[in-house]
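Structure, as C-alpha coordinates:
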Amino acid sequence: MKKIKYSPAANHHPGWLKFLFVLIFFGTIFFVNSFTHDYFQNSTAYIGIPIGFVLGYYIAYYGLYGLYVKFSDVSKDDLFDQLEKKEIEKKQMEEAKRLQEMSNKIRERDENKKK
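If you're matching positions, the sequence shown starts at 291 in the working numbering and goes up one per residue.
Laid out in C-alpha coordinates, this is it:
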(Lines of atoms letter the chains of each structure in order from A and count residues from 1; the text may use other names and numbers.)
(Lines give C-alpha, C1' and ligand atoms only; values in the text may rest on other atoms or scores of the structure.)
Protein backbone atom coordinates (compact mmCIF):
# COMPACT_ATOMS: atom_id res chain seq x y z
CA MET A 1 0.00 0.00 0.00
CA LYS A 2 1.29 3.44 -0.93
CA LYS A 3 2.20 5.66 2.00
CA ILE A 4 -0.10 8.67 2.11
CA LYS A 5 1.07 11.88 3.72
CA TYR A 6 -1.09 14.96 3.78
CA SER A 7 -2.41 17.42 6.34
CA PRO A 8 -6.22 17.39 6.39
CA ALA A 9 -6.44 20.58 8.46
CA ALA A 10 -4.01 22.68 6.40
CA ASN A 11 -5.20 26.20 5.64
CA HIS A 12 -5.19 25.79 1.86
CA HIS A 13 -7.78 22.98 1.88
CA PRO A 14 -11.46 23.93 1.41
CA GLY A 15 -13.55 24.27 4.55
CA TRP A 16 -16.12 21.70 3.46
CA LEU A 17 -13.39 19.04 3.20
CA LYS A 18 -12.23 19.82 6.72
CA PHE A 19 -15.84 19.68 7.93
CA LEU A 20 -16.37 16.34 6.18
CA PHE A 21 -13.19 14.98 7.78
CA VAL A 22 -14.37 16.00 11.26
CA LEU A 23 -17.89 14.69 10.57
CA ILE A 24 -16.63 11.26 9.50
CA PHE A 25 -14.15 11.13 12.38
CA PHE A 26 -16.71 11.90 15.10
CA GLY A 27 -19.45 9.94 13.33
CA THR A 28 -17.30 6.82 13.42
CA ILE A 29 -16.55 7.34 17.11
CA PHE A 30 -20.28 7.78 17.81
CA PHE A 31 -21.23 4.70 15.75
CA VAL A 32 -18.67 2.41 17.40
CA ASN A 33 -19.59 3.70 20.87
CA SER A 34 -23.29 3.17 20.29
CA PHE A 35 -22.59 -0.34 19.00
CA THR A 36 -20.45 -1.31 22.00
CA HIS A 37 -22.88 0.21 24.52
CA ASP A 38 -25.77 -1.74 22.95
CA TYR A 39 -24.04 -5.13 23.04
CA PHE A 40 -21.96 -4.87 26.22
CA GLN A 41 -23.73 -4.12 29.49
CA ASN A 42 -20.74 -3.77 31.80
CA SER A 43 -17.57 -1.68 31.80
CA THR A 44 -16.27 -3.37 28.64
CA ALA A 45 -18.68 -1.14 26.69
CA TYR A 46 -16.15 1.68 27.06
CA ILE A 47 -13.72 -0.20 24.81
CA GLY A 48 -15.56 1.48 21.94
CA ILE A 49 -14.01 4.86 22.75
CA PRO A 50 -10.39 4.05 21.78
CA ILE A 51 -11.49 1.70 19.01
CA GLY A 52 -13.81 4.36 17.58
CA PHE A 53 -11.08 6.99 17.81
CA VAL A 54 -8.57 4.89 15.86
CA LEU A 55 -11.12 3.68 13.32
CA GLY A 56 -12.46 7.19 12.86
CA TYR A 57 -9.02 8.59 12.21
CA TYR A 58 -8.02 5.91 9.72
CA ILE A 59 -11.34 5.93 7.89
CA ALA A 60 -11.36 9.72 7.60
CA TYR A 61 -7.65 10.04 6.78
CA TYR A 62 -7.37 7.31 4.16
CA GLY A 63 -10.97 7.42 2.96
CA LEU A 64 -10.96 11.12 2.14
CA TYR A 65 -7.54 11.19 0.49
CA GLY A 66 -9.11 10.88 -2.97
CA LEU A 67 -11.35 13.88 -2.33
CA TYR A 68 -8.41 15.90 -1.08
CA VAL A 69 -6.45 15.06 -4.22
CA LYS A 70 -9.38 15.87 -6.48
CA PHE A 71 -10.56 19.12 -4.90
CA SER A 72 -7.40 20.55 -3.35
CA ASP A 73 -3.65 20.76 -3.86
CA VAL A 74 -2.08 18.07 -1.67
CA SER A 75 1.43 18.91 -2.92
CA LYS A 76 1.35 22.07 -0.77
CA ASP A 77 1.09 19.94 2.37
CA ASP A 78 4.83 19.22 2.37
CA LEU A 79 5.46 22.94 2.19
CA PHE A 80 2.93 23.47 4.98
CA ASP A 81 4.75 20.92 7.17
CA GLN A 82 8.14 22.49 6.41
CA LEU A 83 6.86 25.97 7.30
CA GLU A 84 5.37 24.61 10.49
CA LYS A 85 8.71 23.03 11.45
CA LYS A 86 10.55 26.28 10.70
CA GLU A 87 8.10 28.18 12.90
CA ILE A 88 8.61 25.73 15.75
CA GLU A 89 12.40 26.00 15.38
CA LYS A 90 12.14 29.81 15.40
CA LYS A 91 10.12 29.73 18.61
CA GLN A 92 12.63 27.36 20.20
CA MET A 93 15.51 29.66 19.23
CA GLU A 94 13.70 32.68 20.68
CA GLU A 95 13.07 30.74 23.89
CA ALA A 96 16.72 29.68 24.09
CA LYS A 97 17.83 33.30 23.53
CA ARG A 98 15.46 34.50 26.25
CA LEU A 99 16.74 31.86 28.69
CA GLN A 100 20.34 32.79 27.88
CA GLU A 101 19.60 36.47 28.55
CA MET A 102 17.95 35.59 31.87
CA SER A 103 20.92 33.42 32.79
CA ASN A 104 23.33 36.27 32.02
CA LYS A 105 21.28 38.70 34.12
CA ILE A 106 21.29 36.29 37.06
CA ARG A 107 25.06 35.82 36.73
CA GLU A 108 25.62 39.58 36.64
CA ARG A 109 23.39 40.06 39.68
CA ASP A 110 25.26 37.34 41.60
CA GLU A 111 28.61 38.90 40.66
CA ASN A 112 27.42 42.31 41.81
CA LYS A 113 26.33 40.86 45.16
CA LYS A 114 29.76 39.26 45.69
CA LYS A 115 31.56 42.59 45.16
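In this text, a Cβ means the ideal position worked out from N, Cα and C, and glycines have one as well.
In this structure, A300 lies near D367, with their beta-carbon atoms less than 8 Å apart. F315 counts as buried, since at least 16 other C-beta atoms from the protein chains shown sit within 10 angstroms of its C-beta.
DSSP places V312 inside the alpha helix (DSSP H), whose first and last residues are 305-329.
Fewer than three Cβ pairs drawn from the region 325-341 and the region 354-363 lie within less than 8 Å of each other, which leaves the two stretches out of contact. Residue G338 holds the alpha-carbon nearest to the alpha-carbon of F321 among F309, F330, G338. Exposed is the label assigned to V344, since fewer than 16 other Cβ atoms lie within 10 Å of its Cβ. The residues L307, K308, F311, A350, Y351, L354, Y358, in chain order, have a CB closer than 8 Å to that of P298 in the same chain once the five nearest residues on each side in sequence are set aside. Of the candidates S362, Q390, K404, G317, the residue whose Cα lies closest to the Cα of I341 is G317.
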